[in-house]
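Report on one structure; see the data block that follows.
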Amino acid sequence: MKNTVFFFIAFLSLILSATPLTISRPTPTCGFPLVSSKTGDIIIKSRLEKPAAGDTTFFIYEDITSSTPTMIEVSFKKLKEEGGVVVYVELAEYDDDRVTSDDARQIIDALLYETPSGSVNSNKGILANEIDIFGEIPDVDNNEKLLVLLTNIRDNYDEEENPVYVAGYFDPRDQISGSGNGNFGDIMYIDTNPAEIYDENTLGIVAHELQHLIHYGVDDDESTWLNEGMSEFAMFILGFESRSYGTFLRDTNRPLTSFDNGIADYAKVGLWTLYCYKQFGLEFIKDVIKETANSLDSYGRVLTNHGLTIDTDELMGNWFVANLINDSDIDNGTYGYGDIQISEVYSDYFYGSFLEGEKIDVSVKNSAAQYIQFFAGKNLRFDLDFTVDSDFKLAIVKEGSESSVKLVNLSSSPFHYEDPLFGISYNKLTFIPYWTKISTLDKKKIFSYSAQLVGGVEETEIVYDDELTYYIQLNYAKVAEKFTAPYGASYRLAGVKFNVAGDASVIIRIFEYLNQYPIAKYDIVPSPGEWTNFYLPSAVPIPDSKEIYVSAGSDDRNQSLGYSETHEGFGRAYLDTGSGYRDLNNYEVSGLSLDGDWMIGAILHSDIAVEPDIEVSPQILYFWENEYSKQFELRNLGSGSIDWHIKSPIPSWMTLSSTEGSGLVTLQRITVAINRNNLTPGLYNQLLEIESSAGLDSVLISVMKRNPYASQTGLFFYDLRFNNSVVKKSMRVVNIGNDTGEFMFKSGEPALVFYPYHGSVRTSDTIDVDVLIDSENIRTSQIPFSFFNGIDTLTYSLSFADSFTIPNKALKLFPVIPNPYIASNGGLAQIRFRLSDDTRASLQIFNIRGEQIQWLKLDNPETGLHIYTWDGKNREGRRVSCGVYFIMLQQQNKATTQKMLLLN
Numbered sequence: 000m001k002n003t004v005f006f007f008i009a010f011l012s013l014i015l016s017a018t019p020l021t022i023s024r025p026t027p028t029c030g031f032p033l034v035s036s037k038t039g040d041i042i043i044k045s046r047l048e049k050p051a052a053g054d055t056t057f058f059i060y061e062d063i064t065s066s067t068p069t070m071i072e073v074s075f076k077k078l079k080e081e082g083g084v085v086v087y088v089e090l091a092e093y094d095d096d097r098v099t100s101d102d103a104r105q106i107i108d109a110l111l112y113e114t115p116s117g118s119v120n121s122n123k124g125i126l127a128n129e130i131d132i133f134g135e136i137p138d139v140d141n142n143e144k145l146l147v148l149l150t151n152i153r154d155n156y157d158e159e160e161n162p163v164y165v166a167g168y169f170d171p172r173d174q175i176s177g178s179g180n181g182n183f184g185d186i187m188y189i190d191t192n193p194a195e196i197y198d199e200n201t202l203g204i205v206a207h208e209l210q211h212l213i214h215y216g217v218d219d220d221e222s223t224w225l226n227e228g229m230s231e232f233a234m235f236i237l238g239f240e241s242r243s244y245g246t247f248l249r250d251t252n253r254p255l256t257s258f259d260n261g262i263a264d265y266a267k268v269g270l271w272t273l274y275c276y277k278q279f280g281l282e283f284i285k286d287v288i289k290e291t292a293n294s295l296d297s298y299g300r301v302l303t304n305h306g307l308t309i310d311t312d313e314l315m316g317n318w319f320v321a322n323l324i325n326d327s328d329i330d331n332g333t334y335g336y337g338d339i340q341i342s343e344v345y346s347d348y349f350y351g352s353f354l355e356g357e358k359i360d361v362s363v364k365n366s367a368a369q370y371i372q373f374f375a376g377k378n379l380r381f382d383l384d385f386t387v388d389s390d391f392k393l394a395i396v397k398e399g400s401e402s403s404v405k406l407v408n409l410s411s412s413p414f415h416y417e418d419p420l421f422g423i424s425y426n427k428l429t430f431i432p433y434w435t436k437i438s439t440l441d442k443k444k445i446f447s448y449s450a451q452l453v454g455g456v457e458e459t460e461i462v463y464d465d466e467l468t469y470y471i472q473l474n475y476a477k478v479a480e481k482f483t484a485p486y487g488a489s490y491r492l493a494g495v496k497f498n499v500a501g502d503a504s505v506i507i508r509i510f511e512y513l514n515q516y517p518i519a520k521y522d523i524v525p526s527p528g529e530w531t532n533f534y535l536p537s538a539v540p541i542p543d544s545k546e547i548y549v550s551a552g553s554d555d556r557n558q559s560l561g562y563s564e565t566h567e568g569f570g571r572a573y574l575d576t577g578s579g580y581r582d583l584n585n586y587e588v589s590g591l592s593l594d595g596d597w598m599i600g601a602i603l604h605s606d607i608a609v610e611p612d613i614e615v616s617p618q619i620l621y622f623w624e625n626e627y628s629k630q631f632e633l634r635n636l637g638s639g640s641i642d643w644h645i646k647s648p649i650p651s652w653m654t655l656s657s658t659e660g661s662g663l664v665t666l667q668r669i670t671v672a673i674n675r676n677n678l679t680p681g682l683y684n685q686l687l688e689i690e691s692s693a694g695l696d697s698v699l700i701s702v703m704k705r706n707p708y709a710s711q712t713g714l715f716f717y718d719l720r721f722n723n724s725v726v727k728k729s730m731r732v733v734n735i736g737n738d739t740g741e742f743m744f745k746s747g748e749p750a751l752v753f754y755p756y757h758g759s760v761r762t763s764d765t766i767d768v769d770v771l772i773d774s775e776n777i778r779t780s781q782i783p784f785s786f787f788n789g790i791d792t793l794t795y796s797l798s799f800a801d802s803f804t805i806p807n808k809a810l811k812l813f814p815v816i817p818n819p820y821i822a823s824n825g826g827l828a829q830i831r832f833r834l835s836d837d838t839r840a841s842l843q844i845f846n847i848r849g850e851q852i853q854w855l856k857l858d859n860p861e862t863g864l865h866i867y868t869w870d871g872k873n874r875e876g877r878r879v880s881c882g883v884y885f886i887m888l889q890q891q892n893k894a895t896t897q898k899m900l901l902l903n
C-alpha cells in the first residue's frame, strides 16, 4: 500500500510525490515454491456453514508460508466467464471494493485477446501465446476451463516489517483428483492485497503462474529453479515488466541450480533463461520445457538434440562472462544479451590498488561465480591458490577499446598470471572463478588469491547521507548534487552512485557548470531499492574549481529517487522541472522547505604516485624478407610522465616516426621503416638506445637482406656483454643465401672460445653458437672476433664490464654447463677447461666406481680456453646410467677435477 505526500512549490508550479522509507511498492514473489514444499496431508481447519454466501467456495491456505498444508474454506463470487476462462473473486475482497467487474474484464482481455506491445505476439492473449510456447493446459477435470481466483493470499505481508508478498501461485495439489487434495481443476491464484488487479504488474503475475500450470502438465517434477526461470521468462516474452536483474548481479555467489524464493533468486533464474533464449532462440526454450529430464540435464539434452557442441559447463561459464560485459560483438554474441541492457555486476572484490603481501580467502558456491576485478594500476601480477578440481574453472576478461575473453583450464595450482600491458593498453581486468559442480545442497569451494600492482588509485566516496527519508517520484524532472573534491591531490570523477526505487533506466549527466551542456551522459540500468554503483567508462577530470555536478533523471515518469533529510542541502542539492536547475530548498512539503540532499554520490579517484619507469617492447624487431615497416612501443610502467629521445645514430636505411617525445603517460608506438634499396645482402643489427627522464632502455632492429645469387650466412646477436658472473652468451647463424652456407669464427684472444666455431647452415635454417669466456684472463673491455659468412670476413666485438684481475694461467677445469645434465633432452654437456701451455693434455670422464667412461687426448693443444662437449655416452656409443660422474683434466704432472650429475 502506498502513502502519497504532495510537495507544494514555493516558486514553481510542480507537484512531487514521496513515499515512506519502504520501497515505492511492495515486492512480489511467487507462491509455487512454497506450496510445492509443503509436506503431509491437507488439514481443513475451518469450513463454512451451508449454504455459504457467494456463488461457490474454494479452499485457501491459512498461511501459505507455513510448511504444513492447512486450509480454510472461503466464499467466492463469480465475476466473468468467457472463452473458457472463469474469474472468481474472494467475496470479502469484492465487498471491500478491492476488486471490481472491470478488473475481471481486464484479466479476461489479457488472457484471451492481447498482450503488451513488447510481446512475441501482441495480437494474442496470454493463454494462446503460452500454449504456443509452453504447451497445452492440462485440463485435469475435462471441462476445458481455466479458473482464476482473485484472493487475499494469506502470506503475513506487512508494509513495514515484511514488504515482500506472494503475488500468486499455482498449486500442484489442484491437479490431483480425490478428497483431501485441494481444489480439483486448472486453477491460478492471484493476490488482491497488497496487489492491485488493475496494475499491469498483476497481469504479468498471471502470465507467470500460467506457465507453472502448463509446465506441471508437461513435466510434473521439474526442478523449482528451472520452473521459476521459465515463469520469469513468460513475463518477459509476453511484454510485461520484467523483474530487475540487479539484485542477483550484486550477489552473484548464488547457486544457479537452487532456489530460496528470495528476490535475488528470481532475478538469477530469469536472467539465465533470458540468456539461453538470446543465445539459442525460442524453439530451444520450448524444447527445454518438453524435456522430461530435470534441472541442468534438461538443458544438456536439448543442447545435444539441437546439434550444439557446447555443454552445460561451458554454457554456464559463458553466462557468467555475459553477466559482466554483455557485449554481443565478441565471439558471435556468446557473451551478450543482444539489444537488452542489464545492470552492472557489483562485487566486494574490485580493486584500484592492492596491498602487497595481502592474501584474500574467498569461497564460491556450486554453479556460481565470483568476480575479482582490477581497474587501475599497471603491470598486474595475479596468483590464484586452490585445490585442483575439474569443476573449478576460470575466465579472464579484458575490457578496453576491444574486449577479450580467455577461458583457463585450472589443471595445476597455483595459477599465475601477469600482463605488463595492464594499465597501458587497457585498464580493466576481471578474473571470474566459477564452480560448475551441481548439487541439491549449497556447497562451497575455497580458494585464495594475491596480486601485485604498480601504482593504482586511492578511492574517495562522497555521500552526504546514507539514510533514506523518501523516494520522490521524478515526473520527468532532473535533479543534481554538487560535489567538492578534497584539496591536496588531483582528483577525477571515476563513478557515481544513486538510490532509486524502480528498475527503469536512469540518465546520469555530469556538469562542470549547471544549466550548461553536460560533460558526459550515461544511460544506466539500476538496482532498485538500494545503491547502484556505476563506474564511468572514462574518468572525468575535476575542474580547477574542485567542484562538479552529478545529475539524475529518467524517461520513466514513475521512477523515484531517494531523498535524505540532512537539513544541509542548500547550495548543493538542485531540481530542474524544465526551466533550469534551482536550489532544492525553493520547494516545500507540508510547509517545510526541502533542505536535504538527493541520494546521489560521487566516486573520486586520485593516483598513487610511483616513479615513472620506461620499458621498450618488444626488445627486438625482426625484419625478414619483404618486411618493410614495424612498430615498437614505449611504455610508462609507473605514474607521472616521461620525456625521451633516441641517442643512437640512425643509419641511412632506417627511418623512425619519432626520435623524441615528451609527456609519455602510458604508451607511445614508434614506427620503424626500412629502405631495402640501401642494403646489400647481409644481416644488419642496429641497437637503438633510448635515453629518458625515467632511465635507459633499448630496442634492437634486425634486418635480413637475402642473397638470391650465392650461398651466404648472417650473424644475429642481441647482447654480447660479459662480466665475471656472465661467462656465456648465444648467437645465431642464419642462412640468408640461395644454398647451404658456410661459417667460421676466429679470435686472437685465448680467453675466448666458440661452440661450434665453424660449420654449415642449410637453406632457411639457423644454428645457435655459444660464446664462452675465461673471465680470469680477460685483459680488455672490447674483444674483437671475426665471422666468415661464406663470402666475406666481418669483424665484431664483445664487451667485458668488470675490472680486470691478475691473469691466471694455471690449469683449470670449469663447472660443467648445465649441471645436472639431462641427457634425454638431446642437448650436450659443455665442459670448459683452460690449458696452461701447449704441451700434451688429456680429459677423462669416470663413473662413481672409478671406471673410465670417456677419454679425450689433446695431441696439439694451445694455451687458453677450450670446450669439450659430451652427449652422455661411453666410448662404445652407449648411453650411460644416471648418477655422479667425475671429470679429470691432466697436463704434464698436474691434474684438476670437477663433479657432475647426469640424469636421463
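For the sequence shown, counting from 1, position 656 maps to 655 in numbering that gives the first Met the number 0; every step adds exactly one. Every residue gets a Cβ at the ideal spot worked out from N, C-alpha and C, and that includes glycine. If you're wondering where the values come from, they're calculated on a predicted model, not measured in any experiment.
So for V539, helix, strand or coil by DSSP? Numbered from its first residue, the sequence shown carries residue 539 at position 540. Note: V539 maps to strand in three-state DSSP.
With 16 as the cutoff for other CB atoms within 10 Å, does L902 come out buried or exposed? What you label residue 902 is simply residue 903 of the sequence shown in a count that begins at 1. Per the 10 Å Cβ criterion, exposed.
Span separating the alpha-carbon of I22 from that of T531: As a working mapping, residue 22 is identified with position 23 in the sequence shown. As a working mapping, residue 531 is identified with position 532 in the sequence shown. Any answer about I22 is weak, because its pLDDT of 38 lies below 50 and its placement is not dependable; what the coordinates show is given next. For I22 and T531, the distance between alpha carbons rounds to 15 Å.
Per DSSP, which residues does C29 bridge with? Please list them. As a working mapping, residue 29 is identified with position 30 in the sequence shown. BP columns for C29 point to G167.
How far does the beta strand (DSSP E) with V702 in it reach, from first residue to last? Taking the first residue of the sequence shown as 1, we reach residue 702 at position 703. Its beta strand (DSSP E) spans residues 694-704.
Segments of 3+ residues assigned as beta strand (DSSP E) that fall wholly inside the stretch 656-743: 659-663, 666-673, 681-691, 694-704, 712-715, 727-734
Could you check where the alpha helix (DSSP H) with E546 kicks off and where it finishes? What you label residue 546 is simply residue 547 of the sequence shown in a count that begins at 1. Premise fails: E546 lies in the beta strand (DSSP E), 546-552, not in any alpha helix (DSSP H).
Suppose contacts are defined by Cβ-Cβ distances below 8 Å. Is V86 in contact with V163 by that definition? Counted from its first residue, the sequence shown places residue 86 at position 87. Counted from its first residue, the sequence shown places residue 163 at position 164. No, they are not a contact pair.
Shortest alpha-carbon distance to K76 belongs to which of L812, T246, G53, K44? Here residue 76 corresponds to residue number 77 of the sequence shown, with the count starting at 1. Comparing Cα-Cα distances from K76 to each of L812, T246, G53, K44, the minimum goes to G53.
With DSSP collapsed to three states, give me the class of F622. Working through the sequence shown from its first residue, we reach residue 622 at position 623. Looking at F622 - three-state DSSP - the assignment turns out to be strand.
Between K436 and N365, which are expected to be in contact by the criterion C-beta below 8 Å, what is the C-beta distance as a whole number of angstroms? If you number the sequence shown from 1, residue 436 lands on position 437. If you number the sequence shown from 1, residue 365 lands on position 366. Contact flag correct, Cβ pair sits at about 4 Å.
With a threshold of 16 other CB atoms inside 10 Å of the CB of R848, please say whether the residue is buried or exposed. Residue numbering aside, residue 848 sits at position 849 when the sequence shown is read from its first letter. R848 should be labelled exposed.
Do you know how far the Cα of S550 is from the Cα of L15? For this step, residue 15 is matched to residue 16 along the sequence shown. For this step, residue 550 is matched to residue 551 along the sequence shown. Note that L15 has pLDDT 47, beneath the 50 cutoff, so the model's placement of it is unreliable and the number below is only indicative. So the alpha carbons of these two residues sit roughly 17 Å apart.
By how many angstroms is the C-alpha of P254 removed from the C-alpha of R581? Indexing the sequence shown from 1 puts residue 581 at position 582. Indexing the sequence shown from 1 puts residue 254 at position 255. Taking the straight line joining both Cα atoms gives about 48 Å.
Boundaries of the alpha helix (DSSP H) in which L440 is found, first to last residue: Reading the sequence shown from its first residue, position 441 is the one you call residue 440. Premise fails: L440 is in no alpha helix (DSSP H) and is neither H nor E.
Using only alpha-carbon positions, find the residue among I619, L714, Y573 that is nearest to K477. Translated into positions along the sequence shown, residue 477 becomes position 478. It is Y573.
Where F813 falls: helix, strand or coil (DSSP): Taking the first residue of the sequence shown as position 1, residue 813 is located at position 814. Residue state, collapsed to three classes: coil.
Three-state class that DSSP yields for G826 in the structure shown: Here the question's residue 826 lines up with position 827 in the sequence shown. Coil, per DSSP.
Taking the beta strand (DSSP E) that S796 belongs to, which residues open and close that run? The sequence position of residue 796 within the sequence shown is 797, counting from 1. Its beta strand (DSSP E) spans residues 792-799.
When the distance is taken between beta carbons, is S45 closer than 8 Å to E72? What you label residue 72 is simply residue 73 of the sequence shown in a count that begins at 1. What you label residue 45 is simply residue 46 of the sequence shown in a count that begins at 1. Yes; because the gap between Cβ atoms is below 8 Å, this pair is in contact.
So the candidates are G399, Q372, S616; which of them puts its Cα closest to the Cα of R380? Numbered from its first residue, the sequence shown carries residue 380 at position 381. Among G399, Q372, S616, the Cα nearest to that of R380 is on Q372.
Where K427 sits in the DSSP three-state scheme: Taking the first residue of the sequence shown as 1, we reach residue 427 at position 428. Here K427 sits in strand by DSSP.
Leaving out five residues on either side along the sequence, give the residues of the same chain with a beta carbon under 6 Å from the beta carbon of T311. Here residue 311 refers to the residue found at position 312 of the sequence shown. Around T311: L295, Y298, G299.
If you measure between the beta carbons of F374 and G399, is that distance less than 8 Å? Position 375 of the sequence shown, counted from the first residue, corresponds to residue 374. Position 400 of the sequence shown, counted from the first residue, corresponds to residue 399. Against a cut-off of 8 Å, the Cβ pair of G399 and F374 comes out as no contact.
Determine the burial state of A608: buried for a count of at least 16 other Cβ atoms within 10 Å of its Cβ, exposed for fewer. As a first step, residue 608 must be located in the sequence shown, where it is residue number 609. That one is exposed.
Beta-carbon contacts of D555 that lie in its chain and below 8 Å, excluding the five residues immediately before and after: Residue numbering aside, residue 555 sits at position 556 when the sequence shown is read from its first letter. Within the same chain, D555 has close Cβ partners G501, A503, S504.
Give a yes or no on whether the C-beta atoms belonging to I919 and V495 are separated by under 8 Å. The shown model of the chain, from 0 to 903, leaves out residue 919, and the question about it has no answer.
Secondary structure of N317, DSSP reduced to three states: Position 318 of the sequence shown, counting from 1, holds the residue named residue 317. Helix.
Exposed or buried, which one is T223 when buried takes at least 16 other CB atoms within 10 Å? The residue you call residue 223 lines up with position 224 of the sequence shown. It counts as buried.
Should L11 go down as buried or exposed, given a rule of 16 or more other Cβ atoms within 10 Å for buried? Taking the sequence shown and counting its residues from 1, the one referred to as residue 11 is at position 12. Because the pLDDT of L11 is 33, which lies under 50, any placement of that residue in the model is unreliable, and the question is left without a value.
Measuring CA to CA, which of T679, V320, F133 is closest to P707? Locating residue 707 in the sequence shown gives position 708, counting from the first residue. It is T679 whose Cα lies nearest to the Cα of P707.
Can you check whether the CB of A367 is closer than 8 Å to the CB of Y265? Taking the sequence shown and counting its residues from 1, one reaches residue 265 at position 266. Taking the sequence shown and counting its residues from 1, one reaches residue 367 at position 368. No, the Cβ-Cβ distance between Y265 and A367 is not below 8 Å.
Just curious, the alpha helix (DSSP H) that F232 is in, first and last residue? One-based indexing of the sequence shown puts residue 232 at position 233. Residues 223-236.
Can you list, in chain order, the residues of its chain with a C-beta nearer than 7 Å to that of V726? Leave out the 5 residues immediately preceding and following it. For the purposes of this step, residue 726 is taken as residue 727 along the sequence shown, with counting starting at 1. Cβ neighbours of V726 beyond the five flanking positions: L771, I772, S774.
Give me, in chain order, the residues of the same chain whose beta-carbon lies closer than 6 Å to that of N776; leave out the 5 immediate sequence neighbours on both sides. Walking along the sequence shown from the start, residue 776 turns up at place 777. Around N776: A750, P806.
Provide the residue span of the beta strand (DSSP E) that contains V505, from first to last. For the purposes of this step, residue 505 is taken as the residue at position 506 of the sequence shown. Per DSSP, V505 belongs to the beta strand (DSSP E) from 505-510.
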